Amino acid sequence: MPLRDDESRRAGGSSMALRAAFPATIPVMTGFLCLGTAYGLLMQSKGYGPGWAVLMSAIAFGGSMQFVAVTLLTTAFDPVQAFLLSVMVNARHMFYGLSLLDKYKGLGKVRAFLIYVLCDETFSLMSTLEPPEGVARRDFYFWISLLDYLYWITGTALGGLLGSFLTFDTTGLDFALTALFVVLFLEQWKKPENRPAGVMGILCAAASLAVFGADNMVIPAMVLVLAVLLGARRRLDRSGEEGVL
């Protein structure tokens with residue numbers, strides 16, 4: 024009987040955590056359903072059915088890297104380039120993942136899952152939200168992470184299924200990723216303290232384009248951006264604190 028009562032309390036606590044977490048994830052849901060659908064449609068247009076698209080999202084769960092992977096899957100495979108590109112595109116996870124070590128400390132077995140499904144949007148919620156009173160930290164973080172993960176997989180499944188039944192010209196659909204990064208860049212540009220880093224990124228990309236050409240510029244550009252930003256980190260930090268352009 025006490026065991027059943029304990030299980031009942033855990034179930035009730037998890038339910039409270041879900042009710043607290045869901046409203047916070049609604050913005051992520053709208054974005055992930057749209058982008059996930061675009062990804063599923065793109066995979067379908069390249070000859071990969073809904074099952075492959077969902078499997079890719081469930082295992083890789085790489086967001087932007089999944090869009091990049093579509094090109095890697097449909098061209099001559101270069102394992103070294105694919106590895107380097109994956110590392111560079113997802114290198115940001117190492118930096119913002121470190122900032123969540125304290126929040127994820129002491130969460131038990133669920134911690135491995137939280138690390139596995141961490142993405143930009145989930146990090147944004149984790150770093151700004153605290154569980155409401157009476158809601159366990161572990162349950163609150165678990166539901167935020169799981170919901171965001173399921174939104175992306177659901178969007179991918181919808182796109183794959185729609186692509187199976189609808190026939191239309193998908194030319195330019197892969198531009199959705201480029202459009203996403205443009206929007207993210209413009210959103211960051213609104214804050215004056217972020218503009219110096221943005222200008223550095225543009226200059227690094229332009230230099231890489233001039234030296235390596237359009238077909239080979241991505242990896243050198245990302246390495247250059249990383250090196251320049253690390254070298255100018257202190258100056259950028261001071262600029263952000265002072266609010267100077």
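Start counting the sequence shown at 24; every next residue gets the next number (this note's numbering). Note that the Cβ used here is the ideal one computed from N, Cα and C, for glycine as well. Keep in mind the model is a prediction, meaning the values are calculated, not measured.
{"Item": "Coarse secondary structure for A230, derived from DSSP in three states", "Value": "helix"}
{"Item": "Cβ contact check for the region 142 to 162 and the region 113 to 129: 3 or more pairs under 8 Å", "Value": "yes"}
{"Item": "Limits of the alpha helix (DSSP H) - the one that G125 falls within", "Value": "According to the sequence provided, residue 125 is Asp. The question's Gly does not apply to it. That run of the alpha helix (DSSP H) goes 124 to 127."}
{"Item": "Own chain partners of T60 with C-beta closer than 6 Å, once the 5 adjacent residues on each side are dropped", "Value": "G178, L181, G182"}
{"Item": "Segment contact flag, the region 242 to 258 with the region 214 to 223, C-beta cutoff 8 Å, min 3 pairs", "Value": "yes"}
{"Item": "Endpoints, the alpha helix (DSSP H) within which F106 is located", "Value": "102 to 112"}
{"Item": "Contact between the region 37 to 53 and the region 67 to 74 (3+ Cβ pairs under 8 Å)", "Value": "no"}
{"Item": "Cβ pair S80, I176 closer than 8 Å", "Value": "yes"}
{"Item": "Neighbourhood of A250 by C-beta, 6 Å cutoff - its chain only, sequence neighbours within 5 removed", "Value": "none"}
{"Item": "Presumed contact (8 Å Cβ cut-off) between D171 and G86, rounded CB distance", "Value": "Not confirmed; about 11 Å, so no contact."}
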